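Below is one structure, written out as structure tokens, with a few remarks after it.
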Amino acid sequence: MMTEKHFRSNIQIAIEKVRAENPMAPSITNTVTQDFVANAQLAVGGSAAMIYLPDEGELMAKLARAVYINVGTLMPFYAETISRTLRALEKNKTPFVLDPVAIGMGNLRAELLLQMKTFKPTIIRGNASEIIALAKLWNLHEEEGGEVRGVDSTETVDKAAHSALALAQYTGGTVAVSGENDLITNGNVMIYSLGGSKLFSKITGSGCALGGVMAVYLTVASPIIAAFTATAMFNCAGTRAAEKAPTPASFKLNFIDELYKISAADVASSEFAVFNAE
Amino acid sequence: MMTEKHFRSNIQIAIEKVRAENPMAPSITNTVTQDFVANAQLAVGGSAAMIYLPDEGELMAKLARAVYINVGTLMPFYAETISRTLRALEKNKTPFVLDPVAIGMGNLRAELLLQMKTFKPTIIRGNASEIIALAKLWNLHEEEGGEVRGVDSTETVDKAAHSALALAQYTGGTVAVSGENDLITNGNVMIYSLGGSKLFSKITGSGCALGGVMAVYLTVASPIIAAFTATAMFNCAGTRAAEKAPTPASFKLNFIDELYKISAADVASSEFAVFNAE
Amino acid sequence: MMTEKHFRSNIQIAIEKVRAENPMAPSITNTVTQDFVANAQLAVGGSAAMIYLPDEGELMAKLARAVYINVGTLMPFYAETISRTLRALEKNKTPFVLDPVAIGMGNLRAELLLQMKTFKPTIIRGNASEIIALAKLWNLHEEEGGEVRGVDSTETVDKAAHSALALAQYTGGTVAVSGENDLITNGNVMIYSLGGSKLFSKITGSGCALGGVMAVYLTVASPIIAAFTATAMFNCAGTRAAEKAPTPASFKLNFIDELYKISAADVASSEFAVFNAE
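Protein chains in written order, with this note's numbering: chain A, 1 to 278; chain B, 1001 to 1278; chain C, 2001 to 2278.
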């Protein structure tokens, strides 16, 4: 059974390891928020590299210790890039984070997200609507809701809990549902991480940046610790940033600064609740 | 006849409606300023989604209440994406904002902008050079000037007034010319919106962000009100940001924050001049 | 022999000319840092335009006084765009800056960078690993090291000095190696520019922005003056920004503001060391 204490100590270790090792977590991600993703990855002590070409995806799957895949703004050549990268990730047993942004929009996105099922993403991160929609697409759980409106969620985190559990039990990895209180589950333990700020919804890309930072922690920690560490980090830094700045652009600036400044101990002592399945 | 009072009350309504309804205005736009466009759209209370693929353009044309098309950084597949999106916009009677960025540069841009003529954009937003060049390209008005230097204007707003009128009379929509004093016309009434800051020319993407925010207001208001509300909003927020920060990066940050903070009443009472054609 | 005094006076002239003439330096560059590149170019007084299509590259090679090419995030169509732009640059004798980002990653990047050898880039700017790897790829100098880790350098500037000299002697242009102390050489004189900040490694794109700003100065100055002016500018502005802000996002904001504010005289009197070959 994973205890609160276990989590606190492992969060602290993950944060310190990344700051010491400066690990690279390459991304195939959308063009809108690349800058934010990269700067968030750098702020926590990691390193970033964004790519578009199939052979570069294969190379990264071989060289990197974890990869971030976000299907936000697909272009035609992503069909080959993502497919070949997925096969290379599997072949090299490289863990990866999937961000099923805007699931439900368009044929290529549907095809790629269906394909992902076979490859069992190590971490799946999305908002409640996306998690519900992915569990449905993979025929794992049929929940009400999951109508995605572009990149926004129309559902609460609680509504997505069963879908998240079903996805995690299927992949054997971890699923993180972002929202007011964030839910992280490996299909067994369920963690609710508190904090953050409503201002996250007033800036673009905080979900993408969170996924990218999860990939950074995945280079040094288990899926559940990586997903949880990144989430706790964002919640702590978000809370502090919102205290300093009640407006979106200043909030975003302070948020990146806080990611850089915050002590591992402070994140490790942040507020969360752990539930273990019987 | 549209009076000053009419405009003031409708600006206020448009701003409040967007803040209440959080409408999404998807974009096909350039890669350079996507982040700024999206964050400006979010700051005024809207929601953003950027896309590249033809079937996603068609879907957005069907689902969204207004779309933003900016031809800034064309890639090869834009030929199909923009063509198919235009047809879907027409079929679904969805209004859209056209930003003819860098008109005159390259074959694909020329082809797409020529094609646009048939589809009569609901709002056309550009700098003076772009508006003059578009009226010429569409054989509506032949004005001196309109040589576009990349993304910069080499002409003043006044020089583009006849081109703007000709375009608006042809489309039956609204044309907005950005510059020191901004001109907005529906081919009948002409509005000059004052304010803003010269610092807008020292940051990249303020024109794109303005076009994107016009699309947000177009989800809840008529073309002329939408174009005018966005312009007045930018002028008020720009003036306030420049008072707080005389340097470009701080100005941009304050500008986004002001878009978020500024009261609808303050924007509605901003300085402008209305002229009705006989 | 180029003296310190010679450099100080030419730096000042270059900075003032750009601020007076607002020259455009178009880019073919990566999608991650386009916004930063463009805003840095604007902050120093230049103008920006980013492009993807082959005929636009050809047009820019003809119209612009200098072009920036950064191979950071290649997409399939870059093969044709970069090849045709290189031929047009040569035909029009337009100088250009090459940024061999992530050299060693993938086939297209290798092909394009090999192709560049024939076209002798006017300025080559990279970190130490990239410069070592490029000299190796072009069979000009075989140095230990040059294993590139994504976009990060794993070598010091000093280790790349011989590679930089070999490249500059081959191209007849200038080579700039970014690092703790920056090295600029035209194959004869070697300049070390001091200052800057370690925070540059905690934000994404400072190298790209530096390359873009070199292209801006290349519109008004010789290759060595252009490369050196941009470097000295970044070092001065970086030092000042770091004094104001010890965290990455605030540092980046202050850095752009300082690029805009700093006086030409202050940059011209910055710390550097010049060595002339016998």
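Don't be surprised by glycine CBs; every beta carbon is placed ideally from N, CA and C.
Note that the coordinates shown come from a computational prediction; the quantities given were computed from them, not determined experimentally.
For residue i, which residues in chain A fall below 8 Å Cβ to Cβ?
i: B:D1035; result: V32, T33, D35, F36, T204 and G205
Do we get a CB-CB distance below 7 Å when we pair residue i with the residues of chain A?
i: C:S2250; result: yes
i: B:Y1260; result: yes
i: C:P2279; result: Absent from the model: residue 2279 of chain C. The displayed extent of chain C is 2001 to 2278, so no value can be given.
i: B:N1092; result: no
Do residue i and residue j have their C-beta atoms closer together than 7 Å?
i: C:A2168; j: C:T2185; result: yes
i: B:K1017; j: B:V1213; result: no
i: B:S1197; j: C:D2257; result: no
i: B:V1067; j: B:P1100; result: no
i: B:I1225; j: B:A1064; result: no
i: B:G1195; j: B:N1235; result: yes
i: B:V1189; j: B:L1183; result: no
i: C:I2132; j: C:A2160; result: yes
i: A:F228; j: A:A241; result: no
i: A:I103; j: A:L113; result: yes
So residue i contacts chain C; which residues on that side make the cut at Cβ distance below 7 Å?
i: A:I51; result: T2073
i: A:L253; result: A2249, S2250 and L2253
For a contact meaning CB atoms closer than 8 Å, what does residue i contact in chain B?
i: A:T81; result: Those do not exist, as A:T81 stays about 14 Å from chain B at its closest Cβ, beyond 8 Å.
i: A:M116; result: Under the 8 Å cutoff, chain B gives no residues; its nearest Cβ is about 18 Å from A:M116.
Does any CB atom of chain B fall closer than 7 Å to the CB of residue i?
i: A:D182; result: no
i: A:G106; result: yes
i: C:L2086; result: no
i: C:L2218; result: no
i: C:N2070; result: no
Does any residue of chain C bring its CB to less than 7 Å from the CB of residue i?
i: A:A264; result: no
i: A:S27; result: no
i: A:N276; result: no
i: A:N39; result: yes
I need the straight-line Cα distance from residue i to residue j, nearest angstrom please.
i: B:I1047; j: C:C2208; result: Note that residue 1047 of chain B is Ser in the sequence shown, not Ile. Each residue's alpha carbon lies about 30 Å from the other.
i: A:S269; j: A:R8; result: 7 Å
i: B:E1021; j: A:A88; result: 44 Å
i: C:L2137; j: C:P2121; result: 15 Å
i: B:N1107; j: C:D2055; result: 7 Å
i: C:T1972; j: C:T2033; result: Residue 1972 of chain C lies beyond the range of chain C shown here (2001 to 2278); nothing can be said about it.
i: C:P1950; j: A:G45; result: With chain C covering 2001 to 2278 only, the question about residue 1950 of chain C has no answer from this structure.
i: A:L165; j: A:V175; result: 8 Å
i: B:E1058; j: B:M1233; result: 30 Å
i: B:F1077; j: A:P76; result: 8 Å
i: A:A61; j: A:T29; result: 15 Å
i: B:D1152; j: B:V1097; result: 19 Å
i: B:L1074; j: C:I2011; result: 36 Å
i: A:I82; j: A:E130; result: 19 Å
i: A:D266; j: A:A230; result: 13 Å
i: C:F2036; j: C:Y2260; result: 14 Å
i: A:P95; j: A:G126; result: 17 Å
Listing by chain order, which chain B residues have their CB less than 7 Å from the CB of residue i?
i: C:D2099; result: Under the 7 Å cutoff, chain B gives no residues; its nearest Cβ is about 17 Å from C:D2099.
i: C:L2210; result: None at all; the shortest Cβ gap to chain B is about 16 Å.
i: C:L2059; result: M1105 and G1106
Strictly below 7 Å CB to CB, what residues from chain A border residue i?
i: B:D1257; result: T247, P248, A249 and S250
i: B:D1055; result: G106 and N107
Note the first and the last residue of the continuous alpha helix (DSSP H) segment covering residue i.
i: B:G1126; result: Run containing B:G1126: none in the alpha helix (DSSP H); it sits in the beta strand (DSSP E), I1123 to N1127.
i: B:Y1170; result: A1161 to T1171
i: A:V18; result: E4 to E21
i: C:D2266; result: A2264 to A2268
i: B:F1036; result: Q1034 to A1043
i: A:L112; result: N107 to F119
On the DSSP letters alone, give me the boundaries of the beta strand (DSSP E) that residue i sits inside.
i: C:N2030; result: Per DSSP, C:N2030 belongs to no beta strand (DSSP E) and is neither H nor E.
i: B:Y1192; result: V1189 to S1193
i: C:A2237; result: Here C:A2237 belongs to no beta strand (DSSP E); instead the alpha helix (DSSP H) covers P2223 to K2244.
i: A:F96; result: F96 to D99
i: B:Y1068; result: V1067 to N1070
i: A:F251; result: Counting along the chain, A:F251 falls outside any beta strand (DSSP E), though it belongs to the alpha helix (DSSP H) covering P248 to K261.
In chain B, which residues lie with their C-beta within 9 Å of the C-beta of residue i?
i: A:A281; result: Beyond the ends of chain A as shown, which are 1 and 278, falls residue 281 of chain A; an answer cannot be given.
Using a Cβ cut-off of 8 Å, pull out every chain C residue sitting near residue i, in sequence order please.
i: B:A1102; result: A2049
For residue i, return the contacting residues in chain C, with the cut-off set at a CB-CB distance below 9 Å.
i: A:L199; result: Simply none; closest approach about 15 Å.
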